[in-house]
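Chemist:
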Amino acid sequence: MDALKILLVLGMAFMTASCQIGYLAKSAYNQLSLLNQRVPIEDVLKDPKLEPAEKQKLILSQDVRQFAEAKLKLNVKKNYSTYVKLDRPYVSYVVSASPKWKLETHLWGFPIVGKMPYKGFFAEKDAKEEAESLKLENFDVYVRGVSAYSTLGWFKDPLLSSMLRYKDHDLVNTIIHESVHATLFIKSEADFNERLATFLGNKGMELYYQQKEGENSETLKLVRNENIDEKQFSDFITAEIKSVETWYSEQKEQKEELRQSRFQEIKTNFVEKVKPKLITDSYLKFDTIDLNNARLIVYKTYLQDMSDFENLYTLCGKDFEKFMNTVKQLEKHEKPSQGLKDLVAELKKGAAQ
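Heads up: the sequence shown is residues 896 to 1248, going by this note's numbering.
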């Protein structure tokens, strides 16, 4: 059945993206190879050679997937009920890109999911080759390893050994995040999809530890503090991205030293305005990274302006299931981000009457 689904995707590729058929065929081969390595987690747990830390993470993953399905009403199905032990630290490598003199997302087109702000490769070498070709076209690029991803319900996604490197609460967050993608994914709206999954991954993680460990849980305190820091950073990076967009539109001289100076200004602003307020170490090293447009685009995709989601969550009585069902109304909306703003405004108006 998995092989038939992959053949269907490739068939669609011939009709819609024949220029990428080599890439898609290679990706399909690697995806099928990955799926063929799946072992039921219940069988893995019976292995006497299983490391205690690995066993603990596997048991946690099963508890989280049950919570996500039963309590959060996410579309979990058989996802994360199997396990694949990889021979590498990441399952794939993702390339993001943006023109050097415009803070604009470079998009790749794919069958089914539509336009995406990143392109994934199973081999790091292939990702780096894509990045180098984009650099020749005067793009900023960013290549990063990925420990988990969702096939959006097309396949029964396995838990990967790369995911077990996460801290416990980060594994909880990741499983909920990816389950949100499997529940709702709007074609060619990656920014909306990723921000939604980021937002609900955080909220779902809080709810999980609230139920499992209670209000006095040290873990719950930690994840709430991390979520506070993420909101602070989101507010900061949202303002900086808007400022940089304006800066590029007004810039008359295209000199690289001007860009580097502008990137340094962002990091200086972080050190002065945000870093002293951070409670955790989640974003503590932002001022040490090599910043460019491609990295800013990644922040834009995952973290820019979460306020509409927060407002809707509050209007839904902080009810996860009600919030998710309300957001599903935007599935066919031409511009779901604008639709979200309109929905929030409409609900606020109704609440005021």
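For glycine and all other residues, C-beta sits at the position ideal for the given N, C-alpha and C.
1. Are the CB atoms of L998 and N1164 within a distance shorter than 7 Å?
2. Output the boundary residues of the alpha helix (DSSP H) element that contains M1219.
3. At 3 residues or longer, and completely inside the segment 1031-1064: list those beta strand (DSSP E) runs for me, N to C.
4. Excluding sequence positions up to five away, which residues of its chain have a Cβ less than 7 Å from the Cβ of I1174?
5. Comparing C-alpha positions only, which one of S1028, G1245, L1079 sits nearest to W1049?
6. Could you work out which residue in N931, A963, L953 is closest to H1076 when comparing CA atoms only?
7. Assuming V979 contacts L929 (C-beta within less than 8 Å), just tell me the rounded distance between them.
8. By the DSSP assignment, the beta strand (DSSP E) with S991 in it spans what residues?
9. Which same chain residues end up closer than 6 Å to I1192 when comparing Cβ atoms and leaving out the 5 residues on each side of it in sequence?
10. In whole angstroms, give me the CA-to-CA distance for K1168 and P1053.
11. Use the C-beta contact count for G1004: other C-beta atoms within 10 angstroms, 16 or more gives buried, fewer gives exposed.
12. Assess, as a yes-or-no matter, whether the segment 1176-1186 is touched by the segment 1015-1029 under the definition of 3 or more beta carbon pairs within less than 8 Å.
13. Given this structure, state the Cα-to-Cα distance separating Q1155 from E949, to the nearest angstrom.
14. For Y1178, name the three-state secondary structure that DSSP assigns.
15. Is it a yes or a no for the segment 1031-1044 touching the segment 1057-1077, going by three-plus beta-carbon pairs under 8 Å?
16. Is it buried or exposed, A1018, if we count other Cβ atoms within 10 angstroms and call 16 or more buried?
17. According to DSSP, is P947 part of a helix, a strand, or is it coil?
18. May I have the straight-line CA-CA distance separating A1247 from K973, to the nearest angstrom?
19. Y978 by DSSP, collapsed to three states: which one?
20. Check whether the Cβ atoms of Y985 and S1056 lie closer than 7 Å to each other.
21. Could you pull the start and end residues of the beta strand (DSSP E) that G1212 belongs to?
22. For the beta strand (DSSP E) containing G1004, list its first residue and its last residue.
23. Would you call the segment 1136-1147 and the segment 1093-1109 in contact, with 3 or more CB pairs under 8 Å?
24. For V1239 versus L1207, is the C-beta distance shorter than 7 Å?
25. Excluding the 5 residues preceding and the 5 following Q1149 in the sequence, name in chain order all residues of the same chain whose CB lies nearer than 7 Å to its CB.
26. Measuring CB to CB, does L1210 end up less than 7 Å from G1099?
27. Using the rule of at least 16 other Cβ atoms within 10 Å of the residue's Cβ for burial, across every protein chain shown, is Q885 buried or exposed?
28. Going by the beta-carbon positions, is the gap between D1065 and T1196 smaller than 7 Å?
Modeler: According to the data block:
1. no
2. 1215-1222
3. 1034-1041
4. N1120, I1123, D1124
5. L1079
6. Ranking the options by Cα distance to H1076, first place goes to A963.
7. Yes, they are in contact, since the Cβ atoms of V979 and L929 sit about 6 Å apart, within 8 Å.
8. 987-994
9. The residues are S991, S993, T1000.
10. 41 Å
11. exposed
12. no
13. 43 Å
14. Here Y1178 sits in coil by DSSP.
15. yes
16. exposed
17. helix
18. 43 Å
19. strand
20. no
21. No beta strand (DSSP E) contains G1212, which DSSP labels as neither H nor E.
22. 1003-1005
23. no
24. If you check the CB distance, V1239 and L1207 come in under 7 Å.
25. W996
26. no
27. With the chain running from 896 to 1248 in the structure shown, residue 885 is simply not present.
28. no
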